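A.B. asks:
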Amino acid sequence: SQSQYDYEVYHSLEEIQAWMFEMNRTHPELVSVLSVGKSYEGRPLYVLQLGKRSRPQKKAVWMDCGVHAREWIGPAFCQWFVKEAISSYKYDSVTTRLLNQLSFYIMPVFNVDGYHFSWNSDRFWRKTRSKHHKSQCRGVDANRNWKVKWCDEGASSHPCDDTYCGPFAESEPEVKAVARFLRRHRKRVKAYISIHAYAQMLLYPYSYKYATIPNFSCVESAAQNAVSALYSAHGVRYRYGPASTTLYVSSGSSIDWAYRNGIPYAFAFELRDTGHFGFLLPESLIDPTCAETTRAVKAIASGLLRKC
Amino acid sequence: SPYNSRYAGDQVFRITPSNAEEVRSLKKVLGRMKVDFWQPSGAFLIHQNATVDVHVKRNDTRVLHARLKQERIGYRVFISNLQKEIEKQTGYHSSRMRR
């Protein structure tokens, strides 16, 4: 049951999906489960809606984890964040205010087929599991498949490459489903957050070009506040800045699409660990990594309740 | 054991090319091998003074050691046995017991 669920170990897709329904069953006033579509292999794409169901037009925050299958700390964080929010609601004033005034749409595993495959076959699989054309290679990079400067610099048109952009934009059912959901809720969603690993960075648009976003000063200060909040937990430093100059140029990314779709605050977190473990962050470090990142996400969400 | 020990003996190399020539050489060396890019996500994204982590199958580790030495490109072994690290990550035995 919920009280025995271990948030400090990695869970399989089946366990995470069962956990989502258990959270709805035990906290119906704060958690509901939505299905936004089906994956390439036919698995449901579940999203948790977290927050007090008060006004239908509340501002909203979208957060997805597990876009790249091998980045297991992502789904662990999404679960942790939900647990943390629910357990501190009514006890912590910041959390209470956030859940009363905002809706959080949280997708613990975006790339369900890839994540399942990384548990059962290839621990370092990154892409989706779709099959296109006659190519013997599977999968599309779900962070190169969005309809923004699609398949330009920083993406590959070769199906066997890890940054394969796909046969066309939104070719991946997972990308298409989330894009459709965000388009439908575009008036309410004010922040888009995507959780990746392991460069220890907080990135914002643009990825596909070196230009500066129009609301740069607001986004920059939100990022600065977020990495300061993260640092305050365990003294871990994250770099932050535009993805194109802080990491590398890439086209068809979700944060560029979200931003171009009208979401003013779009971020990609690159969680731990760049020091010793890469994708293999041990379970013993799930707690500190998730605790520090929870502070950063709360800082971003709180910023939405203030004027910039 | 997890993944039927398919990663036994595999290694992750950490390489940081310090100039344009080393970037060129590294792209050439890695372009001729089947490696899994951990960061960045592909050879074409390698750039100066940026960390490159690549997962190399056990049968190819010796070749890469030799090539990097030959090209005088500085590197270190980031993970010396991937299978062990995988088992450590999930505390394989203990966490299964716990579950």
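Chains as they are written, first to last, in my numbering: chain U, 9 to 316; chain A, 12 to 110. Ideal Cβ placement from N, Cα and C applies to all residues, glycine included. This structure is a prediction, so every number in the text was calculated from the model and none was measured.
Is ALA82/U near CYS73/U, with beta carbons less than 9 Å apart?
C.D. replies: In the first sequence, the residue the question calls residue 82/U occupies position 74. In the first sequence, the residue the question calls residue 73/U occupies position 65. Here residue 82/U turns out to be Gly, not Ala, going by the sequence shown. A contact, by the Cβ cut-off of 9 Å.
A.B. asks: What does TYR256/U touch in chain A if you count any residue whose Cβ is under 8 Å from its own?
C.D. replies: Residue mapping note: residue 256/U aligns to position 248 of the first sequence, counting from 1. Chain A residues near TYR256/U: PRO51, LEU56, HIS58 and ALA61.
A.B. asks: Any Cβ of chain A within less than 9 Å of the Cβ of GLU180/U?
C.D. replies: In the first sequence, counting from the first residue as 1, residue 180/U sits at position 172. No, because no Cβ of chain A sits closer than 9 Å to the Cβ of GLU180/U.
A.B. asks: Could you tell me which chain U residues have their CB closer than 9 Å to the CB of GLU33/A, listed as they occur along the chain?
C.D. replies: Residue numbering aside, residue 33/A sits at position 22 when the second sequence is read from its first letter. What GLU33/A touches in chain U: nothing, since even the nearest Cβ is about 17 Å away.
A.B. asks: Would you mind giving the Cβ-Cβ distance between SER47/U and TYR54/U, rounded to the nearest angstrom? I have them listed as a contact below 8 Å.
C.D. replies: For the purposes of this step, residue 47/U is taken as residue 39 along the first sequence, with counting starting at 1. For the purposes of this step, residue 54/U is taken as residue 46 along the first sequence, with counting starting at 1. The pair is not a contact, with the Cβ atoms about 11 Å apart (cut-off 8 Å).
A.B. asks: From the DSSP secondary-structure annotation, give me the bridge partner or partners of VAL55/U.
C.D. replies: Translated into the one-based positions of the first sequence, residue 55/U becomes position 47. DSSP, once it has assigned bridges, lists LEU42/U as partnering VAL55/U.
A.B. asks: With DSSP as the reference, please indicate the residues paired to PRO116/U in a beta bridge.
C.D. replies: Here the question's residue 116/U lines up with position 108 in the first sequence. PRO116/U is not bridged to any residue.
A.B. asks: Which first and last residues belong to the beta strand (DSSP E) in which CYS73/U is found?
C.D. replies: Position 65 of the first sequence, counting from 1, holds the residue named residue 73/U. Unbroken beta strand (DSSP E) run through CYS73/U: 67-73.
A.B. asks: In terms of alpha-carbon separation, which member of GLU98/A, TYR14/A, GLN94/A and ILE90/A lies closest to GLY283/U?
C.D. replies: Here residue 283/U refers to the residue found at position 275 when the first sequence is read from its first residue. Among GLU98/A, TYR14/A, GLN94/A and ILE90/A, the Cα nearest to that of GLY283/U is on ILE90/A.
A.B. asks: In chain U, which residues lie with their C-beta within 7 Å of the C-beta of VAL46/A?
C.D. replies: Here residue 46/A refers to the residue found at position 35 of the second sequence. Going along chain U, no residue has its Cβ under 7 Å from VAL46/A, so there is no contact; the nearest lies around 11 Å.
A.B. asks: With a threshold of 6 Å on Cβ separation, who are the neighbours of MET115/U within its own chain once the five nearest residues in sequence on each side are excluded?
C.D. replies: In the first sequence, residue 115/U corresponds to position 107, counting from 1. Around MET115/U: VAL55 and ASP72.
A.B. asks: If I follow the unbroken alpha helix (DSSP H) through GLY42/A, where does it start and stop?
C.D. replies: Here the question's residue 42/A lines up with position 31 in the second sequence. Looking at the DSSP string, the run of the alpha helix (DSSP H) that includes GLY42/A is 31-42.
A.B. asks: Answer yes if the region 132-151 of chain U comes into contact with the region 172-179 of chain U, meaning at least three C-beta pairs across the two stretches below 8 Å, and no otherwise.
C.D. replies: Enough Cβ pairs lie closer than 8 Å, so yes.
A.B. asks: Check whether chain A comes within 9 Å of GLU92/U, counting only Cβ atoms and requiring the distance to be less than that.
C.D. replies: In the first sequence, residue 92/U corresponds to position 84, counting from 1. No - not a single Cβ of chain A is within 9 Å of the one on GLU92/U.
A.B. asks: Using a C-beta to C-beta distance shorter than 7 Å, which residues of chain U count as neighbours of GLY42/A?
C.D. replies: For the purposes of this step, residue 42/A is taken as the residue at position 31 of the second sequence. Neighbours of GLY42/A on chain U: none; closest Cβ ~12 Å, over 7 Å.
A.B. asks: Any beta-carbon of chain A closer than 9 Å to the one on PHE224/U?
C.D. replies: The residue labelled residue 224/U in the question sits at position 216 within the first sequence. No, PHE224/U does not count as interfacial toward chain A.
A.B. asks: If you drop the 5 nearest sequence neighbours on each side, which residues of the same chain put their C-beta closer than 6 Å to that of ASP192/A?
C.D. replies: With chain A represented from 12 up to 110, any question about residue 192/A goes unanswered, as that position is not in the structure.
A.B. asks: How would you label ASP14/U, buried or exposed, when you count the other beta carbons within 10 angstroms and need 16 or more for buried?
C.D. replies: For the purposes of this step, residue 14/U is identified with residue 6 of the first sequence, where counting begins at 1. It counts as exposed.
A.B. asks: By DSSP, does TRP49/A sit in helix, in strand, or in coil?
C.D. replies: Against the second sequence, residue 49/A aligns to sequence position 38. DSSP places TRP49/A in strand when its eight states are reduced to three.
A.B. asks: Suppose you measure from the CA of CYS226/U to the CA of ALA234/U; what does that come to, to the nearest Å?
C.D. replies: Along the first sequence, read from residue 1 onward, the residue named residue 226/U stands at position 218. Along the first sequence, read from residue 1 onward, the residue named residue 234/U stands at position 226. The straight-line gap from Cα to Cα measures roughly 12 Å.
A.B. asks: Considering only residues of the same chain and omitting the five flanking positions on each side of LEU75/A, which have a CB-CB separation below 7 Å?
C.D. replies: By one-based count along the second sequence, residue 75/A stands at place 64. These residues qualify, in order along the chain: PHE24, MET44 and VAL67.
A.B. asks: When the cut-off is 9 Å and only beta carbons count, does TYR246/U lie next to chain A?
C.D. replies: Here residue 246/U refers to the residue found at position 238 of the first sequence. Judged by the 9 Å Cβ criterion, TYR246/U is not in contact with chain A.
A.B. asks: Cα-Cα, which of LYS217/U, ASP281/U and GLU228/U is closest to ARG245/U?
C.D. replies: To locate residue 245/U, count along the first sequence from 1; it is residue 237. Closest by alpha carbon: ASP281/U.
A.B. asks: According to the neighbour-count rule (16 or more other Cβ atoms, all chains shown, within 10 Å of its Cβ), is GLY50/U buried or exposed?
C.D. replies: Position 42 of the first sequence, counted from the first residue, corresponds to residue 50/U. Classification for GLY50/U: exposed.
A.B. asks: Using the C-alpha atoms, what's the distance from TYR212/U back to THR301/U?
C.D. replies: Numbered from its first residue, the first sequence carries residue 301/U at position 293. Numbered from its first residue, the first sequence carries residue 212/U at position 204. Looking at the two C-alpha atoms, the distance is approximately 16 Å.
A.B. asks: Out of PRO64/U, SER258/U, PHE287/U and SER95/U, point me to the one whose CA is closest to GLN109/U's CA.
C.D. replies: By 1-based counting over the first sequence, the position of residue 109/U is 101. Per the Cα distances, PRO64/U.
A.B. asks: Exposed or buried, which one is GLN50/A when buried takes at least 16 other CB atoms within 10 Å?
C.D. replies: What you label residue 50/A is simply residue 39 of the second sequence in a count that begins at 1. Buried: at least 16 other Cβ atoms inside 10 Å.
A.B. asks: Please report how far the alpha carbon of VAL117/U lies from the alpha carbon of ALA54/A, in whole angstroms.
C.D. replies: Locating residue 117/U in the first sequence gives position 109, counting from the first residue. Locating residue 54/A in the second sequence gives position 43, counting from the first residue. Between VAL117/U and ALA54/A, the C-alpha separation is close to 27 Å.
A.B. asks: Can you list, in chain order, the residues of its chain with a C-beta nearer than 7 Å to that of ARG191/U? Leave out the 5 residues immediately preceding and following it.
C.D. replies: Numbered from 1 along the first sequence, position 183 holds the residue referred to as residue 191/U. ASN269, listed in sequence order.
A.B. asks: Flag LEU75/A as yes if its beta-carbon sits less than 9 Å from any beta-carbon of chain U, otherwise no.
C.D. replies: Within the second sequence, residue 75/A is the residue found at index 64, counting from 1. Chain U, which has no Cβ nearer than 9 Å to the Cβ of LEU75/A, makes this no.
A.B. asks: Helix, strand or coil: how does DSSP classify ARG268/U here?
C.D. replies: Position 260 of the first sequence, counted from the first residue, corresponds to residue 268/U. Helix, per DSSP.
A.B. asks: DSSP puts MET28/U in a beta bridge; with which residues?
C.D. replies: In the first sequence, counting from the first residue as 1, residue 28/U sits at position 20. Answer is none; MET28/U lacks a bridge partner.
A.B. asks: Check this for me: beta carbons of ILE97/A and SER36/A, under 9 Å apart or not?
C.D. replies: Along the second sequence, read from residue 1 onward, the residue named residue 97/A stands at position 86. Along the second sequence, read from residue 1 onward, the residue named residue 36/A stands at position 25. The answer is no: Cβ separation not under 9 Å.
A.B. asks: Taking only beta-carbon atoms, is VAL17/U less than 9 Å away from chain B?
C.D. replies: The chain inventory of the structure shown lacks chain B, comprising the protein chains U and A.
A.B. asks: Output the residue ranges of the alpha helix (DSSP H) runs that lie fully inside the region 235-268 of chain U and measure 4 residues or longer, sorted by chain position.
C.D. replies: Those alpha helix (DSSP H) runs which fall completely within the region 235-268 of chain U and span 4+ residues are 251-254 and 262-268.
A.B. asks: Secondary structure at TYR218/U, three-state DSSP: helix, strand or coil?
C.D. replies: In the first sequence, residue 218/U corresponds to position 210, counting from 1. TYR218/U falls in the coil class under three-state DSSP.
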